[in-house]
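These notes concern the structure reproduced below.
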Ligand SMILES: NC(=O)c1ccc[n+]([C@@H]2O[C@H](COP(=O)([O-])OP(=O)(O)OC[C@H]3O[C@@H](n4cnc5c(N)ncnc54)[C@H](OP(=O)(O)O)[C@@H]3O)[C@@H](O)[C@H]2O)c1
């Protein structure tokens, strides 16, 4: 009862998922985690790497990525060559193209991509012509698209285990106004609040997974989206309380007592990235809430027409901005 209530407001439903015990050996597999230097992305990198996976940390800050790698290497010395910094900025299309090229040149397989990086509640700003929070989606579309041949090739050779693409959304997708992905102007339009724009980007994370899974329906590739929880990470210490020093202090002091830990917050995406249960239960194109539980999205999250419109628009914007 309490679990169901907690789950309704975005917290963990208390389902037990023991990452160490329930993940299989991942030796020989290759993963990419965007935003792997901090928060739940960092915990996801750590979980996959500890199981033997080679993990690329796709990050915009080389310094932060190298610090994250050094931290992990200190925890478990001897296999830091299995952690690789991959330059990637969600808001810079050339960096997505370059990251995909690097992966194709350096690897013969790619088993897992966790589209995790993101910002929240940012003031209105156009970055490279696109509303800054919408890059939470568009940067991931730009990264995944050129990687599809490598992902499909891996899926053909990976036996019964599927290739996984994980799209980190949020319960905040419910804050999105009625989706309008008819044009870049529609995406960039002024909305009621920064939360509506964050909601639009997180709805796009879900619809991207729906449209992508549709395109990969005949492949051994599983694409799922999730809300990770309401978690004590840097995301919560950003612009939410910026300019309000007292609010910032109170938030910092109290957050750790009532928000989920990054370890618990990362569990749902770790589960979708590597748990055998995802294959056993045939999970594809679904949305999950913490911890590792399938759930319903808002009605907009199930709108296949909106998903298609988003796919076409994203392709067009990427093409237009790349020329
Ligand atoms: N925390 C929550 O309660 C919560 C709830 C629902 C959904 N989520 C989602 O969970 C995901 C991870 O969030 P988190 O809580 O772990 O936040 P976090 O600790 O702030 O981590 C976010 C990561 O994204 C990276 N990032 C941001 N903008 C980027 C860009 N333009 N290019 C490349 N990387 C960029 C950050 O890099 P820098 O370190 O360089 O900034 C950082 O590595 C996000 O997609 C978020 O929307 C979080």
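Residue numbers (this note's numbering): 72 to 394.
For each residue, glycine too, the CB sits at the ideal point set by N, CA and C.
As the structure is a prediction and not an experimental result, all values here were calculated from the model.
Residue pairing by DSSP puts residue 238 in a beta bridge opposite 186 and 296.
With a cut-off of 7 angstroms, the C-beta of residue 124 is classified as distant from ligand 1, since no heavy atom of the ligand falls inside that distance. For a cut-off of 8 angstroms, the C-beta gap from residue 111 to residue 340 is around 7 angstroms, short enough to register as a contact.
Looking at the backbone, the Cα of residue 89 and that of residue 260 are separated by about 43 angstroms. Between residue 119 and residue 136 a beta carbon distance of about 15 angstroms is seen, past the 8 angstroms cut, so the two are scored as non-contacting. DSSP places residue 202 in the strand class (E or B) of the three-state scheme.
Its Cα nearest to that of residue 234, the residue 219 stands out among 243, 219, 247 and 244. The beta carbon of residue 211 is closer than 6 angstroms to those of 186 in its chain, skipping five residues each way along the sequence.
Taking 4 residues as the shortest admissible run, the region 148-180 contains the following complete alpha helix (DSSP H) segments, listed from N- to C-terminal end: 164-177. Note: residue 366 is bridge-paired with 358 in the DSSP secondary-structure output.
At least one heavy atom of ligand 1 falls within 7 angstroms of the beta-carbon of residue 109. Rounded to whole angstroms, the separation of the alpha carbons of residue 364 and residue 162 is 31 angstroms. The three-state secondary structure of residue 191, taken from DSSP, is coil. Residue 264 is positioned such that its CB atom lies no closer than 8 angstroms to that of residue 204.
For the pair residue 359 and residue 277, the Cα-to-Cα distance works out to about 10 angstroms.
In the structure shown, the three-state DSSP call for residue 102 is strand. Per DSSP, residue 80 lies in no beta strand (DSSP E) segment and is marked neither H nor E.
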